[in-house]
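Q:
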Amino acid sequence: MIVIANCISLVIEHWQPVGIELAPRDVFTTRVLSMLLMVAFVLLHIESIKGDSDVMIAGVWPAVWLWGAVLTGGGFVGIRLKAAYWADSWNTIDCAAAVSIAVFIVIHFIGWSSEAEVGSGIVVALLFALRLLQTASLHPAVGPLILAVVRMFSDISMFLCLYLYILLVFAVVFTLLSSDEDHQYFGSFPKATLTLFYAGQGDFNEALTNAIESHDTLGAVLLFTYVILSSIILASTFAAIEETQAAQYQLLRIRVLNEYSTMPHHERLPPPFNLIGRCHKRDELHPSHVGVCVCAAVVVSEPLRYLASLISEQRREESALCCIAFWSMKALYVTVDALLVGVSFTPVAIYKALEDIQRTIRKGPYGMVLCLVLVILVMPLFLLYRYAQLESSFSSGFNETDSSTMARERREARDKIKDSIDKWIEAADHHDSSVPDVMAALKAEIQPALRDMQTQLAEVRTQQKQMEAYIKANIK
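So the sequence shown is numbered by full-length UniProt numbering: it starts at 1 and just counts up by one.
(1) Please classify G121 as buried or exposed, where buried requires at least 16 neighbouring CB atoms within 10 angstroms.
(2) Looking at F189 and V172, is the spacing between their C-beta atoms short of 8 angstroms?
(3) Just verifying my parser: in three-state terms, what is the DSSP assignment at P365?
(4) Per the contact definition of three or more C-beta pairs closer than 8 angstroms, is the segment 119-133 in contact with the segment 94-111?
(5) Can you tell me which of the three DSSP states I471 falls into?
(6) Which residue wins for smallest C-alpha separation from I324, given the options A308, L381 and L132?
(7) According to DSSP, is G121 part of a helix, a strand, or is it coil?
(8) Quick one: is V123 near chain C, going by C-beta distance under 8 angstroms?
(9) Which class does R359 belong to by DSSP, given the choice of helix, strand or coil?
(10) Let me know the secondary structure DSSP gives L310 once reduced to three states.
(11) Is S100 buried or exposed, if buried means 16 or more other CB atoms sit within 10 Å of its CB?
(12) Quick check on H215: does DSSP put it in helix, strand or coil?
(13) I believe A349 touches L383 by the beta-carbon criterion, under 8 angstroms. Please report the beta-carbon distance rounded to the nearest angstrom.
(14) Give me, in chain order, the residues of the same chain whose beta-carbon lies closer than 7 angstroms to that of N474; leave out the 5 immediate sequence neighbours on both sides.
(15) Using three-state DSSP, classify S48 as helix, strand or coil.
(16) Quick check on A58: buried or exposed, where buried means 16 or more other Cβ atoms within 10 Å of its Cβ?
(17) Under the assumption that I93 contacts L33 (Cβ atoms under 8 angstroms), give the Cβ distance between them as a whole number of angstroms.
(18) Write down the C-beta distance between L304 and L332 rounded to the nearest angstrom, noting that I regard them as a contact closer than 8 angstroms.
(19) Between the C-alpha atoms of R362 and L381, what's the straight-line distance to the nearest angstrom?
(20) Just to confirm, does L44 get its C-beta within under 7 angstroms of one of the non-hydrogen atoms of the ligand GDP?
(21) How about A96 and L127: do their beta carbons lie closer than 8 angstroms?
(22) Do the CB positions of L164 and L196 come within less than 8 angstroms of each other?
(23) From M446 to K465, what does the alpha carbon distance come to, in whole angstroms?
(24) Which residues in the same chain as S114 place their Cβ atom closer than 7 angstroms to its Cβ, once the five residues preceding and following it in sequence are excluded?
(25) Exposed or buried, what is Q463 when buried is set at 16 or more other beta-carbons lying within 10 Å of its beta-carbon?
(26) Just confirm the distance between the C-beta atoms of I357 and L372, as a whole number of angstroms; I'd bet it's less than 8 angstroms.
(27) Under a three-way DSSP split, which group does D88 fall into?
(28) Closest by CA to S89, which one among W112, A116, V124 and L133?
Here you go:
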């Protein structure tokens, strides 16, 4: 059952809207690319500020990209999930990245100082580089290792009070026992604390040698005791994690599929991929259109789509103001998207049409050549017409009216599978989850079906016995 839950085809079959070739792997791949581009933009901008290289980049583009990451990242997700947003430890890094982005943009536009802008930019780059680990954790080779490290940090927080207590008590004792021979290690409370911290990391040779040479038996014994206690805490934590890291990895995969099923379309792809992904064909993408798509997606289109999704059909029926606001925002972002498609992809579409003309001339029929020429002349209008046809396929992702039978069946299948996965996660989502725990949660889902099968089998056996008795009676 776990393997079935991890299959990408499960999500594609039930939760992919018709007409959009978008899978969970695409979503997380674009997140990686967006984060890498974010880091590259920030580093290039820092290089241009410092003047250490000939690389120059316009200052507005990193700001636009950073704002796009805030709007489609932590901003939308935090508003949608509310308190549940903080249940995932990775979202804490997202929040810190969003705050650092805001600080970076404020420093950039008020012109505080180049040193402050460089420092804030470095913090942004580091946080996004750290955030890449969450996406890398989906890989089966490094995923369990990353989860083990993250879990160690989570578990060590429980032992933090005990660790600090041991550290401070031993630091006080060593400070009181210090003499002229070990003054450089334990002459003061801060020195003793720092020395013991290094000892916990394995660097205690000099302090131990000095204690032995000065015949400080008590100091040597205490130092050994401290190192052993701190090592036991870390070792026990790692052992507990190693036993459950496989189950935690499986739970992560289930959570990823569940997150994909509940994620709105405007959150699935970061800028600029969130608007470029609306192309009907993937080969219509061209690098020269990235700048225009970023501006439109960040400034107008995606924020308006999100605001429009907050106005449900019931509210539109009850309030005329909500209805006017909804259709006004819809008209605005649809117009912006339509103009964007017409302006950005007309050159590529014309180039492809010219290639089609050459192939048609070689193969025929020649009447198609005339049609292609006419299409080239009205290519912007043709793209707008195609966009109008495709817009209905995106409307279901924004809580708009979609009364078709196919959409209703798709939503029912999505809700049914999502509820099942939610129950699995709810039953297995606790601190000491392991493979038996996950199987127990799945068993709870299977047991009702097994009981029904056993009941039916018992009825069949009863009928069989009655039939045998009837046949024997008639034979006699």
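Glycine included, each C-beta is placed from N, C-alpha and C at the ideal position.
Just so we're clear, the structure is a prediction, and the values are computed from it rather than from any experiment.
A: According to the structure shown:
(1) buried
(2) yes
(3) coil
(4) yes
(5) helix
(6) A308
(7) helix
(8) Among the protein chains of the structure shown there is no chain C, as only one such chain exists.
(9) helix
(10) coil
(11) buried
(12) Below a pLDDT of 50, predicted positions are generally treated as unreliable, and H215, at 48, falls in that range; no measurement from the model is reported.
(13) 6 angstroms
(14) none
(15) helix
(16) Caution applies to A58, whose pLDDT of 49 falls short of 50 and renders its modelled position unreliable; the value that the coordinates give is listed next. Classification for A58: exposed.
(17) Their Cβ separation, rounded to whole angstroms, is 18 angstroms, which puts I93 and L33 out of contact at 8 angstroms.
(18) 6 angstroms
(19) 28 angstroms
(20) Absent from the structure shown: the ligand GDP. Ligands present: none.
(21) yes
(22) no
(23) Note on residue identity: the sequence assigns Ile, not Met, to residue 446. Going from the Cα of I446 to the Cα of K465 covers about 29 angstroms.
(24) I49
(25) exposed
(26) 5 angstroms
(27) coil
(28) L133
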